[in-house]
Ligand SMILES: C[S@@+](CC[C@H](N)C(=O)[O-])C[C@H]1O[C@@H](n2cnc3c(N)ncnc32)[C@H](O)[C@@H]1O
C-alpha cells in the first residue's frame, strides 16, 4: 500500500514521490484502490483541497491494484463468464488488494449501479474517520467480491464513465471541503446548495452595474433580514422551477414541522 500524506505535496512533487509518505493516524483518510494511482492527487492537490492535504487536514492513501495482479504480467482482469464484451476485474485480485489496504471508514465501489452520491452522504463521510474507495475499470468488478466484503456501490450520476477515478476524486472533493478548517468560512457550507434542501440563491459581486445589468437593489440596502428573506425566496423559486424532486421533499419537511 502506498500513501499520500502530510508534508508530501508541493507544486513540484511527482505522484511517485507523493506516494512514498506514511499514513498518519487520526487524520481523515481517503484510501483509493485503483489501477491508475498516478492519477492522484490530480485536481485534489490544487486549491483548497491541495492546501488542506499539505496542512495535514486530510490524507490520501493509494493501493495499486496492479501490484496484486497474477503471474508475470500481473493480470487483473478476465473475460466475462457467460460471454459478452470487455473484461471484468477478478475477485481474487481485488480481494488481495482490499486485504492489503487497512480499510478506513466505509468501503465503497464507485459504480453507475450504486446509490446516488449526494451532499448528505458527503456530510456523513466527513463526520467519520475517512472512506475507502474501489475504482472499477473495463466492465466493472466480479459481483462476488462486492458480496464478500459487503461493499456499498455509489454512483455519481446516470451516465457511464471509463473508470471510477474521476468519481472518486469528486466524492473526495465534496467530502474534504466539509472537514473542519478546510474552508476559511464555514458558513459558506451552511448556506450553499442542498444544505437546507434548496438550491442556492443567485450570487453577485462588483461592479454593481455591469453592461447595464444591475445587481438587485435589495442586496445594496444593508438590511440583513430583508436580504436573507429575498435570498430564501429566490432559492425556493429556483428549486421549484429546476428540481421538482427537491421541492417536493422540502415542502414535505416544512409540512411535517407544521
Ligand atoms: C465502463 S464503467 C463499467 C460500467 C458497467 N459495465 C455498467 O454498465 O454498470 C467502468 C468503471 O467506471 C466507474 N464508473 C462509471 N460510471 C460511473 C458512475 N456514473 N458513477 C460511479 N462510477 C462510475 C465504475 O467504477 C465502473 O466499474
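Numbering (the UniProt record's numbering), first residue to last: 1 to 258.
Glycine included, C-beta positions come from ideal geometry on N, C-alpha and C.
In this text the structure is predicted, and so the values were computed from the model without any measurement.
- Item | residue 21 versus residue 84 - alpha carbon distance | In the chain shown, residue 21 corresponds to position 21, counting from 1. In the chain shown, residue 84 corresponds to position 84, counting from 1. For residue 21, the pLDDT reaches just 48, beneath the cut-off of 50, and the residue's location in the model is therefore unreliable, although a value from the coordinates is still provided. Their Cα atoms are separated by approximately 41 angstroms.
- Query: Is the segment 216 to 234 in contact with the segment 196 to 208, if contact means three or more CB pairs nearer than 8 angstroms?
  - Reply: yes
- Message: If you measure from each CB to the nearest heavy atom of ligand 1 and keep those under 6 angstroms, what residues do you get, in chain order?
- Response: 110, 111, 112, 113, 135, 136, 137, 139, 140, 155, 156, 157, 159, 160, 161, 162, 163, 164 and 167
- Message: Taking only three categories from DSSP, how would you classify residue 328?
- Response: Outside the displayed range of the chain (1 to 258) lies residue 328, so it cannot be described from this structure.
- Please list, in chain order, all residues of the same chain as residue 194 whose beta carbon is under 6 angstroms from its beta carbon, the five residues on each side excluded. Start at 1 with the first residue of the chain shown, and residue 194 comes out as number 194. Contacts found: 119.
- Can you find at least 3 beta carbon pairs, one from the segment 43 to 54 and one from the segment 62 to 72, that sit closer than 8 angstroms? no
- What three-state label does DSSP hand residue 6 in the structure shown? Taking the chain shown and counting its residues from 1, the one referred to as residue 6 is at position 6. Low confidence applies to residue 6: its pLDDT is 43, below 50, so where it sits in the model is not reliable enough to give any reading.
- Measure the Cβ-Cβ separation of residue 34 and residue 168 and say whether it is below 9 angstroms. Taking the first residue of the chain shown as 1, we reach residue 34 at position 34. Taking the first residue of the chain shown as 1, we reach residue 168 at position 168. Result yes, Cβ atoms of residue 34 and residue 168 sit closer than 9 angstroms.
- Query: What is the rounded straight-line gap between the Cα of residue 228 and the Cα of residue 238?
  - Reply: One-based indexing of the chain shown puts residue 228 at position 228. One-based indexing of the chain shown puts residue 238 at position 238. Taking the straight line from one Cα to the other gives about 15 angstroms.
- Message: Here's the rule: buried if 16 or more other CB atoms are within 10 angstroms of the residue's CB, otherwise exposed. What is residue 245?
- Response: Position 245 of the chain shown, counted from the start, is the residue given in the question as residue 245. Residue 245 should be labelled exposed.
- Message: Distance check for residue 209 and residue 30, CA to CA, integer angstroms please.
- Response: Reading the chain shown from its first residue, position 30 is the one you call residue 30. Reading the chain shown from its first residue, position 209 is the one you call residue 209. Their Cα atoms are separated by approximately 44 angstroms.
- Item | CB of residue 117 within 9 angstroms of CB of residue 70, strictly | In the chain shown, counting from the first residue as 1, residue 117 sits at position 117. In the chain shown, counting from the first residue as 1, residue 70 sits at position 70. Cβ distance not < 9 angstroms, so residue 117 and residue 70 don't count as in contact.
- Item | residue 41, buried or exposed, once every other Cβ within 10 Å from all chains shown has been counted against 16 | The residue labelled residue 41 in the question sits at position 41 within the chain shown. It counts as buried.
- Task: Output yes or no for whether 9 angstroms exceeds the beta carbon distance between residue 183 and residue 177.
- Result: Residue mapping note: residue 183 aligns to position 183 of the chain shown, counting from 1. Residue mapping note: residue 177 aligns to position 177 of the chain shown, counting from 1. For residue 183 and residue 177, yes; Cβs fall inside 9 angstroms.
- Does DSSP classify residue 75 as helix, strand or coil? In the chain shown, residue 75 corresponds to position 75, counting from 1. Strand.
- Message: The beta strand (DSSP E) that contains residue 147, what's its start and end?
- Response: On the chain shown, residue 147 is found 147 positions in, with the first residue counted as 1. No beta strand (DSSP E) contains residue 147, which is instead part of the alpha helix (DSSP H) from 143 to 148.
- Query: In this structure, does DSSP put residue 22 in helix, strand or coil?
  - Reply: Locating residue 22 in the chain shown gives position 22, counting from the first residue. In this structure, residue 22 counts as coil in the three-state DSSP scheme.
- If you run the structure through DSSP and keep just helix, strand and coil, what is residue 166? Stepping through the chain shown from its first residue, residue 166 is reached at position 166. Reduced to three states, the DSSP call for residue 166 is helix.
- For residue 161, collect the residues of the same chain with a Cβ closer than 7 angstroms to its Cβ; drop the 5 residues on either side in sequence, then sort them by chain order. As a working mapping, residue 161 is identified with position 161 in the chain shown. Correct list, in chain order: 167.
- Item | Delimiting residues of the alpha helix (DSSP H) encompassing residue 90 | Stepping through the chain shown from its first residue, residue 90 is reached at position 90. No alpha helix (DSSP H) holds residue 90; DSSP gives it neither H nor E.
- Message: Taking 6 angstroms as the limit between beta carbons, can you name the residues of its chain near residue 97, skipping five residues before and five after?
- Response: Here the question's residue 97 lines up with position 97 in the chain shown. The answer, listed in chain order, is 33, 63, 65 and 68.
- Which same chain residues, not among the five before or five after residue 214, have their C-beta less than 7 angstroms away from its C-beta? Counted from its first residue, the chain shown places residue 214 at position 214. Closer than 7 angstroms at the Cβ level, and outside the excluded window around residue 214, lie 208.
- Item | C-alpha distance - residue 192 paired with residue 123, whole-angstrom precision | On the chain shown, position 192 is the one that residue 192 refers to. On the chain shown, position 123 is the one that residue 123 refers to. Approximately 13 angstroms, taken between the alpha carbons.
- Applying the criterion that 16 or more other CB atoms from any shown protein chain within 10 Å of the CB defines a buried residue, is residue 44 buried or exposed? Taking the chain shown and counting its residues from 1, one reaches residue 44 at position 44. Residue 44 should be labelled buried.
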